[in-house]
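Chains as they are written, first to last, in the working numbering: chain A, 35 to 661; chain B, 334 to 506.
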Amino acid sequence: MLASQIGYYSLIIGLFFSILIIPISIINLNNTKIIDIKIFHISFLQLLFVFISFGGLVISFVNSDFSNETVYSNSHTTKPLFYKISGTWGNHEGSLLLWLMILTLFIFLFLIKTKNQPKKYRILTLLFQQTIIIGFFLFVLTTSNPFNYLLPIPNEGLGLNPILQDPALAIHPPILYLGYVGSSIIFSGSLAGLVHGYISREWAKHIKAWILASWIFLTIGIMLGSIWAYYELGWGGFWFWDPVENISLMPWLCLTALLHCILVLEKKESLVSWTVILSIATFTLSMCGTFLVRSGILNSIHTFANDPSRGIFILTFLFILVIMSLVIFFLFSKDENKKNKKTYFLSKEISILINNWFIMYFLSVVLIGTVYPIFLEVLTDEKISIGPPFFNKLIIPFLIIFLIFMSIGPNLHWVKFKALKIKLEFFILFIISILISFLILKSAGSKNLVNSLLISTSFYLLFITIKDFFAKDFFNYSQKLSHFGFSLLVLSILLNSIFSSEVITNLRVGENIVFKNEIIYFDSTEKKDNINYKSIIGNFRIEDNKKNSTYLKPELRVYNQPVTITSEADIKTSLFSDKFLVMNLVKGNDYFNVRYQVKPFMIWIWLSVLIMSTGGILSFYKRKYEK
Amino acid sequence: MKNKTLLILILLFFAFCFVVFLKGLKTSNIYIPETTLNKDLAVFASKDFFTGDQISFDEIFVNSEFYILNIWASWCLPCKKEHKFLMQLSKNKSIKLIGLNYKDKRKNAQKFIGKLGNPYSAIFTDEDGTISIKLGAYGIPETYVIDKNRKIIKKIIGPLNKKLLKEVSLIIR
């Protein structure tokens with residue numbers, strides 16, 4: 035009770051400080067040469083009070099203080115401590131408080147990390163960032179206060195949705211938020227740079243760190259969400275083109291484009307406007323994501339807040355930000371100077387520009403696929419659902435060309451058009467990739483031209499990046515690693531989708547079924563009582579034709595608070611394939627519905643994403659080295 | 334000049350998006366599993382809230398065109414919010430509004446009714462929550478619209494609001 039009181043009041047004090055920063059920085063903008071030390075102090079206080087407030091909520095959750103409405107509706111005394119803590123951000127109110135905390139943390143870090151940047155630019159960034167922070171403060175306090183008080187105090191809470199009780203999901207939101215919120219700094223920084231006329235090489239160098247950091251967090255955050263979907267939802271896949279997945283993918287695509295674009299700005303000081311537009315778009319898309327998820331306008335597994343007033347607030351706030359940035363963009367953007375504008379067709383910047391066009395194309399496909407149902411329903415009252423076939427059809431053909439450009443692009447030079455020496459090895463590698471893809475598809479018995487093209491091009495990219503590792507100039511290894519990771523990702527997704535096989539059947543204890551060269555035995559079931567759920571465990575044995583047995587134990591869990599039945603798949607992961615088994619109750623029968631899947635290269639999907647983000651992390655060390 | 338027109342066009346485009354999203358927000362998106370609809374209401378019996386006597390299902394669900402069954406508790410904040418809509422509904426003569434008091438302390442519940450008014454023509458008590466489970470309730474508050482054949486024709490999960498009230502009054506017209 036005390037903790038949530040403290041939390042509530044420190045939130046209000048935090049708002050007071052964040053408003054206080056604005057007049058002080060406006061005065062400071064023209065007065066002195068250096069930033070007033072007061073700004074640092076207040077910014078720190080703002081962070082401190084939001085931190086205390088968040089701590090208050092965590093303590094309320096840990097103590098199961100049901101006088102707090104948020105705790106009451108999302109927690110339960112029998113929940114393990116770990117999930118009590120992660121329950122803090124497993125709900126709408128708490129996750130917004132977390133968002134706010136990261137916002138204030140990032141602006142404080144920005145202030146202390148940018149000592150070498152012009153004073154005006156720093157203050158302007160602070161001002162833009164404070165606008166966002168105040169917006170979120172008001173949003174939390176007016177429409178989603180996490181510290182609402184309940185009287186009489188209920189004895190027991192309603193519990194956290196069991197499918198959210200998973201370690202991957204416990205850290206998925208904070209990491210994703212770090213990425214989202216990092217893009218807010220890029221947004222404020224680019225607007226400030228525009229107003230101050232500071233979009234230049236130096237700016238690009240400094241903002242690149244923020245872009246990289248948000249990109250890494252967003253990449254890992256999306257991966258964790260996808261791991262969770264694979265292990266917990268038991269649908270036997272890792273990506274479903276669900277609106278909420280798309281929403282996290284859109285800022286990622288935009289950020290990836292920006293990451294490449296900023297290189298051109300850093301090296302050549304061109305593409306200024308385009309960089310600014312991308313920076314604005316990235317943050318807008320992140321905000322748009324929050325809007326679509328939190329308002330309940332989309333039907334998805336993630337919509338746990340169904341309150342239109344919240345939706346209207348975020349929507350208005352989002353459009354105020356969009357209009358503000360548009361007006362600033364049109365007022366302050368200058369025509370790019372035409373000097374050193376001469377570019378050659380086969381140069382690095384052109385290949386980056388082409389990469390940007392492709393990413394923009396993918397982005398618009400995802401965007402249209404996600405918001406089109408909303409537009410259609412409002413305009414014509416017709417309900418449709420856009421599924422994977424739409425995305426696959428529109429993305430895959432262009433992915434082939436994209437992969438080819440990706441293999442060639444990094445080997446081109448800046449500006450100079452060195453007559454591209456047609457190297458023999460490029461051809462040899464290309465022929466090898468085609469041969470491999472032919473062999474693979476032949477063994478799978480598939481005759482799909484698109485698949486074979488995709489496999490050959492992704493193998494090609496893989497070989498080129500591996501070859502580049504052994505190139506003499508051991509330079510830019512972060513980029514090489516990331517591209518290598520990406521080619522591995524495309525390849526493992528492809529092989530996974532081509533070679534996956536499954537069987538769905540109803541089995542009773544003691545029965546077995548033959549599937550390809552394996553036999554699935556359903557040996558027995560056992561019952562177990564845990565603190566907050568009861569479970570039925572099925573013992574399955576899978577025997578292949580060499581008499582090797584694998585044991586799988588899928589579970590059915592009956593949670594007591596709230597009463598929910600979830601089925602936990604059991605997955606045996608090996609280097610080359612995953613065995614996935616999930617069972618469900620068949621009503622009024624002693625049969626169980628069993629789904630068994632063999633999914634090759636699953637672990638490579640996660641690994642390749644990790645390799646990609648490792649490439650990003652390495653690039654921080656490279657930056658230090660360059661200095 | 335060209336810049337200005339471009340800016341205005343873009344702003345108009347965003348304004349259009351804004352309006353679409355705003356309208357999209359207002360269309361109800363609450364998903365009702367179809368299987369629960371058009372099913373017979375589960376038969377149950379329980380204690381009367383006021384007298385404490387055992388009353389049966391057949392005693393209460395008679396002599397009306399429509400019944401509305403509302404699950405509530407005094408400790409449930411959203412119930413408090415939806416109460417004024419229930420009071421409005423109770424003025425309608427063609428329906429019988431029946432309450433089901435869920436896992437509540439008698440004293441608190443009586444205080445709740447005494448303070449905010451009693452819209453129900455009868456109240457069952459559900460001390461251990463088993464009746465609500467039988468009914469297939471997701472949580473409280475929850476409201477069922479039931480026709481004279483005791484079939485569920487609408488199920489509202491969560492508190493009532495103006496819009497839902499309108500929908501209900503359209504159904505029972």
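The C-beta atom is built at its ideal place from N, Cα and C for all residues, glycine as well. For clarity, every value in this text was computed on a predicted model and none was experimentally measured.
THR491/A and ASN390/A have their alpha carbons spaced roughly 19 Å apart.
Put simply, the backbone Cα of MET284/A is about 53 Å away from that of ALA455/B.
Chain A places no beta carbon closer than 8 Å to that of ILE431/B, leaving this residue out of the contacts. If you check the CB distance, LEU252/A and GLY213/A come in under 8 Å. Counting along the chain, SER59/A sits inside the alpha helix (DSSP H) bounded by residues 36-65. In this structure, the straight-line span from the alpha carbon of ILE69/A to that of PRO57/A is close to 14 Å. Listed by position along chain A, the residues whose Cβ is nearer than 8 Å to that of GLY447/B form an empty set, because the closest Cβ is around 15 Å away. Within the region 488-502 of chain B, no residue places its CB atom closer than 7 Å to a CB of chain A. Taking a beta-carbon distance threshold of 8 Å, GLY124/A does not count as an interface residue toward chain B. Short of 8 Å from the beta carbon of PHE392/A, and not among the five residues preceding or following it, lie these beta carbons of its own chain, in chain order: PHE432, ILE435, PHE436, PHE439.
Positions of the alpha helix (DSSP H) runs, each at least 4 residues long and wholly inside the region 197-284 of chain A, are given as 201-230, 235-262 in order along the chain.
Taking C-beta separations shorter than 6 Å and ignoring five residues to either side along the sequence, the partners of ILE470/A in its chain run PHE493, following chain order. By the 16-neighbour rule on beta-carbons within 10 angstroms, ILE402/A is exposed.
Against chain B, the CB of GLU411/A has a partner CB under 8 Å away; the residue lies at that interface. Contact between PHE635/A and SER526/A holds, since their C-beta atoms are separated by about 4 Å, short of 8 Å.
Separation of LEU345/B and THR290/A (C-alpha to C-alpha, rounded to the nearest whole angstrom) is 28 Å. Judged by pairs of C-beta atoms under 8 Å, the region 81-88 of chain A touches the region 42-57 of chain A, as three or more such pairs exist. Beyond the five residues adjoining it in sequence on each side, VAL399/A comes within less than 7 Å, by CB distance, of PHE425, LEU428, ILE429 in the same chain, given in chain order. One alpha carbon belongs to ILE241/A, the other to LEU299/A, and they sit about 11 Å apart. Spanning the alpha carbons of ARG591/A and PHE626/A requires a straight line of approximately 14 Å.
In the DSSP assignment, the residues bridged to LYS488/B are TYR477/B.
Near chain B, meaning a CB-to-CB distance below 9 Å, the residues of the region 392-408 of chain A are VAL405, ILE408.
Around the beta-carbon of LYS488/B, 16 or more other beta-carbon atoms lie within 10 Å, marking it buried. Judged by beta-carbon spacing, ILE446/B lies beyond the 8 Å limit of LEU422/B, meaning their Cβ atoms are not closer than that value. Out of ASP459/B, LEU468/B, SER502/B, GLY450/B, the CA that lies nearest to the CA of GLY385/B is found in ASP459/B. One thing to note: HIS206/A has its Cβ within 8 Å of the Cβ of LEU258/A. Between TRP275/A and PRO444/A, the CB-CB gap reaches or exceeds 8 Å. Contacts between LYS356/B and chain A, judged by CB atoms closer than 8 Å, involve VAL412 in chain order. The beta carbon of ILE346/A falls within 8 Å of a beta carbon belonging to chain B, placing the residue at that interface. If only uninterrupted alpha helix (DSSP H) runs of at least 4 residues are considered, those enclosed by the region 429-494 of chain A are 458-478. Residue environment: ARG542/A is assigned as exposed (fewer than 16 neighbouring CB atoms within 10 Å of its CB, all protein chains considered). Within the DSSP secondary-structure output, LEU185/A pairs in no beta bridge. Residues of the region 352-364 of chain A with a C-beta less than 9 Å from any C-beta of chain B: LEU352, PHE353, VAL356, ILE357, LEU360, VAL361, PHE363, PHE364, listed in chain order. Distance from the CA of ASP480/B to the CA of LYS496/B, rounded to the nearest whole angstrom, comes to 21 Å.
Using a 10 angstroms sphere on the CB of LEU413/A, the tally of other CB atoms stays under 16, which defines it as exposed. Between ILE219/A and LEU297/A a beta carbon distance of about 19 Å is seen, past the 8 Å cut, so the two are scored as non-contacting.
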